[in-house]
Amino acid sequence: MKLSEFIRPASLAEARKSLRQLGPKGMPLAGGTALHFMPGKTPVTAVDITRLGLSYIKQKGDFFVIGAATPLADIQRYRGPRWAMHEICRRISTHQVRNVSTIGGNIARVFPWADLPVVLLAMDARLVIYSGKEKDMPADEYFSSQPARLFRGGDLLTAVKIPVLKAHHGFGSVKATRNATAFSLVTIAALLELKGGIIKSARVAAGSGIPFPQRLKPVEAALAGKEASTAVFREAAAAAGAAARWVGGEGMSADYIRQLAEVSILDALERAAEFARGRAA
Ligand SMILES: Cc1cc2nc3c(=O)[nH]c(=O)nc-3n(C[C@H](O)[C@H](O)[C@H](O)COP(=O)(O)OP(=O)(O)OC[C@H]3O[C@@H](n4cnc5c(N)ncnc54)[C@H](O)[C@@H]3O)c2cc1C
Numbered sequence: 182m183k184l185s186e187f188i189r190p191a192s193l194a195e196a197r198k199s200l201r202q203l204g205p206k207g208m209p210l211a212g213g214t215a216l217h218f219m220p221g222k223t224p225v226t227a228v229d230i231t232r233l234g235l236s237y238i239k240q241k242g243d244f245f246v247i248g249a250a251t252p253l254a255d256i257q258r259y260r261g262p263r264w265a266m267h268e269i270c271r272r273i274s275t276h277q278v279r280n281v282s283t284i285g286g287n288i289a290r291v292f293p294w295a296d297l298p299v300v301l302l303a304m305d306a307r308l309v310i311y312s313g314k315e316k317d318m319p320a321d322e323y324f325s326s327q328p329a330r331l332f333r334g335g336d337l338l339t340a341v342k343i344p345v346l347k348a349h350h351g352f353g354s355v356k357a358t359r360n361a362t363a364f365s366l367v368t369i370a371a372l373l374e375l376k377g378g379i380i381k382s383a384r385v386a387a388g389s390g391i392p393f394p395q396r397l398k399p400v401e402a403a404l405a406g407k408e409a410s411t412a413v414f415r416e417a418a419a420a421a422g423a424a425a426r427w428v429g430g431e432g433m434s435a436d437y438i439r440q441l442a443e444v445s446i447l448d449a450l451e452r453a454a455e456f457a458r459g460r461a462a
């Protein structure tokens, strides 16, 4: 993607107005780290959204609210009660990339390797979109297909709302890579609600190794109402094959990626259960 001009609006309303006027000749620009991965030789005008007050993390009622222009490094460093987002952020690329990549940029246009959509699907997050006024939508709807569809008319993602985990809720994520900074081969995130050792509800999501991030409903169904034990987690992980279309790549077969997913699901579930029991590492 080539940039021809760069404009710096003073407000969200001004940014949206500029984007609406520019149409396909304009684009919101946050950290700019994805430009390299975006095809297109026609130069576009970048509308800078990094100085609109969208970089913050705060707890508001039952949610942590993260501004869309918050760098991943800030999310990695933040600590709040039963906060779990730092775990995946520290697994994304390098310090240099995390210092400029924003949460909004990671999820406004989803690339196959994006890790945050997986975590936000498992966490049942809500995504806040500005279209003259703000409204939010559940992650299931937002990630039902490429979210870039939502921003073509100049609207902007302004925040991500993550439910504060209650007692007996546990979260775990696993990113399988070839090396520490590589793109993901398989990313898994799991949220468990336990009651007296029994799984009351489960949300399990995957990304990479499949065409687009999604929840693994057969895995979730194999967990509901059962005991939170390794045997049950192993059985649920075995439902991965029926849950998604696993695809090979980088010299690995689809079958290998599915097996990697099964192991990663087991690991994520064990971590989520430990978190729920208050014993997270
Ligand atoms: C070497 C390298 C390795 C990486 N590895 C990983 C990895 O392993 N896992 C991972 O998850 N990520 C990884 N990333 C980061 C990821 O791929 C994206 O580059 C990054 O998340 C984009 O964030 P950004 O703020 O730079 O967005 P930008 O590049 O500024 O924007 C990305 C897209 O989102 C749009 N956009 C941005 N903000 C908004 C908004 N608020 N509202 C509407 N549209 C918006 C832009 O118009 C553009 O289309 C890596 C990046 C690099 C450079």
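Quick note, in this note's numbering, the sequence shown goes up one by one and the last residue is 462. All C-beta atoms in this analysis are idealised placements derived from N, C-alpha and C, irrespective of residue type, glycine included. If you're wondering where the values come from, they're calculated on a predicted model, not measured in any experiment.
For Val299, there is no enclosing beta strand (DSSP E); the enclosing alpha helix (DSSP H) covers residues 297-303.
With a threshold of 16 other beta carbon atoms within 10 Å, Lys314 falls short and is exposed.
Ala306 is positioned such that its CB atom lies closer than 7 Å to that of Ile343.
Within the segment 403-430, complete alpha helix (DSSP H) segments of at least 4 residues are found at 411-418, 421-424, given in chain order. Excluding the 5 residues flanking it on each side, Arg290 has same chain C-beta neighbours closer than 6 Å at Ala329, in chain order.
Note that the C-beta distance between Pro209 and Leu337 is below 7 Å.
CA-to-CA, the gap between Ser354 and Ala196 works out to about 35 Å. The secondary-structure analysis by DSSP pairs Tyr311 across a beta bridge with Glu315, Leu337. For Ile269, the enclosing alpha helix (DSSP H) begins and ends at 267-270.
Here the C-alpha atom of Arg232 lies approximately 23 Å from the C-alpha atom of Pro224. Approximately 22 Å separates the beta-carbon atoms of Val246 and Pro190; this is outside 8 Å, ruling out the contact.
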